[in-house]
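Numbering (our numbering), first residue to last: 14 to 144.
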Amino acid sequence: MEFKNVYVINCVEETIPHASSIKENIEEERRLFYVGITRAIDNLYLFSPRSRKGQFKDVSRFIIEGKLNDMPVDTYGYEIGNKVAHRTYGIGEIAGFDENDKDKIKLKFDDGVFRSFSLKILVDNNLISKC
Numbered sequence: 014m015e016f017k018n019v020y021v022i023n024c025v026e027e028t029i030p031h032a033s034s035i036k037e038n039i040e041e042e043r044r045l046f047y048v049g050i051t052r053a054i055d056n057l058y059l060f061s062p063r064s065r066k067g068q069f070k071d072v073s074r075f076i077i078e079g080k081l082n083d084m085p086v087d088t089y090g091y092e093i094g095n096k097v098a099h100r101t102y103g104i105g106e107i108a109g110f111d112e113n114d115k116d117k118i119k120l121k122f123d124d125g126v127f128r129s130f131s132l133k134i135l136v137d138n139n140l141i142s143k144c
């Protein structure tokens, strides 16, 4: 069974893998994580909160081992400096991509205002095009 979108929340140590499984069942935890992330057809969202229940948490070892946090994000051919037309805000220029979230794009519009968007949402909904 596969799904268009898969969301895995709380990808932090002691949750994924669970604290009680780290010593004895780590391979089973790894297998279950693998099965979960390979069910995504189009989009895989992994959430790793910095803190949970008031305590700081480390990113799950499975994300680090699989280098999932280093995967390139599709920029759909857009580059810094490209002139674009936004369906609502008009003509603008790509000012940059967020260093921590490459899907987040920063646009400077002709009125001088900077706005940030999810590039994927803009592209998927035909809200942006190159000039």
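Using N, Cα and C, we set each Cβ at its ideal position, and we do this for glycine too.
- In the displayed model, Val126 falls within coil according to three-state DSSP, outside both helix and strand.
- Per DSSP, the unbroken alpha helix (DSSP H) holding Ile39 starts and ends at Ile39 to Ile50.
- Beta-bridge analysis with DSSP links Lys121 to Glu106 and Phe127.
- A Cβ-Cβ contact shorter than 8 angstroms links Val21 with Ile50.
- In this structure, Phe122 and Gly103 form a Cβ contact; the two beta carbons are roughly 6 angstroms apart against a cut-off of 8 angstroms.
- If you draw a straight line from the Cα of Ser129 to the Cα of Lys119, it is about 4 angstroms long.
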